[in-house]
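Student: Before I ask anything, let me first share the structure, which is written out below as structure tokens.
Residue numbers (the working numbering): 7 to 172.
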């Protein structure tokens with residue numbers, strides 16, 4: 007049976023999905039370890055700094071602006087695309103700054119990687135997520151620079167789709 011060329015997945019998208027699958031497996035393993043460890047006697051519950059919640063709001067809002075930017079690109083409304091990519095970039099950087107402030111507050115309160123396994127889980131999970139966001143900020147920066155210098159290839163949705171998926 008011959009497959010229609012239009013139904014094939016782009017190789018870059020396939021590679022990204024394989025990477026996302028790997029990341030999901032890593033977080034599934036960390037979540038499983040968290041569920042097991044939190045029921046042990048030495049687990050200490052703690053309250054997250056309020057800046058973590060502001061960071062969460064920033065990153066969720068950045069998902070909305072990135073979705074809107076992707077739609078604007080597909081509609082070929084480039085001025086709207088540039089504005090929304092700028093907003094997404096700002097929110098991604100804001101998330102990283104707020105996470106940094108939150109980690110500093112935790113560290114200053116004595117909640118370090120070595121002080122308890124609960125804190126270790128927080129540092130590892132949020133730290134890995136921050137690395138992911140840094141990758142996204144770099145990609146969005148590159149795409150934004152291309153958009154503002156009019157070097158964006160309007161005929162190809164693939165780069166924008168890749169960033170949205172990531």
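Beta carbons: idealized from backbone N, C-alpha and C, even for Gly.
Quick caveat: nothing in here was measured; it's all calculated off a predicted structure.
How is residue 6 classed by DSSP in three states: helix, strand or coil?
Tutor: Residue numbering for the chain in the displayed model covers 7 to 172; residue 6 lies beyond these limits and cannot be assessed.
Student: Between the alpha carbons of residue 14 and residue 125, how many angstroms are there, rounded?
Tutor: For residue 14 and residue 125, the distance between alpha carbons rounds to 44 Å.
Student: Buried or exposed: where does residue 69 fall if 16 or more other Cβ atoms within 10 Å of its Cβ makes it buried?
Tutor: With fewer than 16 other Cβ atoms within 10 Å, it is exposed.
Student: Assuming residue 139 contacts residue 49 (C-beta within less than 8 Å), just tell me the rounded distance between them.
Tutor: That pair is no contact at about 27 Å.
Student: My output table needs one value for residue 105: the three-state DSSP class, helix, strand or coil.
Tutor: If DSSP states are grouped into helix, strand and coil, residue 105 belongs with the helices.
Student: Does the segment 128-145 come close enough to the segment 101-109 that 3 or more CB-CB pairs lie under 8 Å?
Tutor: The segment 101-109 is in contact with the segment 128-145.
Student: Please return the same chain residues whose Cβ sits closer than 6 Å to the Cβ of residue 119, not counting the five positions on each side in sequence.
Tutor: Excluding residues within five positions, the ones whose Cβ falls inside 6 Å are 126 and 129.
Student: Alpha carbon to alpha carbon, how far is residue 23 from residue 54?
Tutor: Rounded to the nearest angstrom, the two C-alpha atoms are 32 Å apart.
Student: Report the three-state DSSP secondary structure of residue 116 (helix, strand or coil).
Tutor: Looking at residue 116 - three-state DSSP - the assignment turns out to be coil, as it is neither helix nor strand.
Student: Consult DSSP for residue 173 and reduce its assignment to one of helix, strand or coil.
Tutor: Residue numbering for the chain in the displayed model covers 7 to 172; residue 173 lies beyond these limits and cannot be assessed.
Student: Please state the DSSP three-state secondary structure of residue 162.
Tutor: Residue state, collapsed to three classes: coil.
Student: With the cut-off set at 8 Å, would you say residue 18 and residue 143 are in Cβ contact?
Tutor: Not closer than 8 Å, so no.
Student: On the criterion of 16 or more Cβ atoms from any shown chain inside 10 Å, does residue 56 qualify as buried, or is it exposed?
Tutor: It is exposed - the Cβ of residue 56 has fewer than 16 other Cβ atoms within 10 Å.
Student: For the alpha helix (DSSP H) containing residue 79, list its first residue and its last residue.
Tutor: 56-80 is the span of the alpha helix (DSSP H), which, as asked, contains residue 79.
Student: Given a cut-off of 8 Å, decide if residue 136 and residue 102 are closer than it, judged by their beta-carbon atoms.
Tutor: A contact, by the Cβ cut-off of 8 Å.
Student: Work out the CA separation of residue 32 and residue 75 for me, nearest whole Å.
Tutor: Cα-Cα distance, rounded: 29 Å.
Student: Is any heavy atom of the ligand COA found at a distance shorter than 7 Å from the C-beta of residue 135?
Tutor: For the ligand COA, the structure offers nothing, since it holds no ligand at all.
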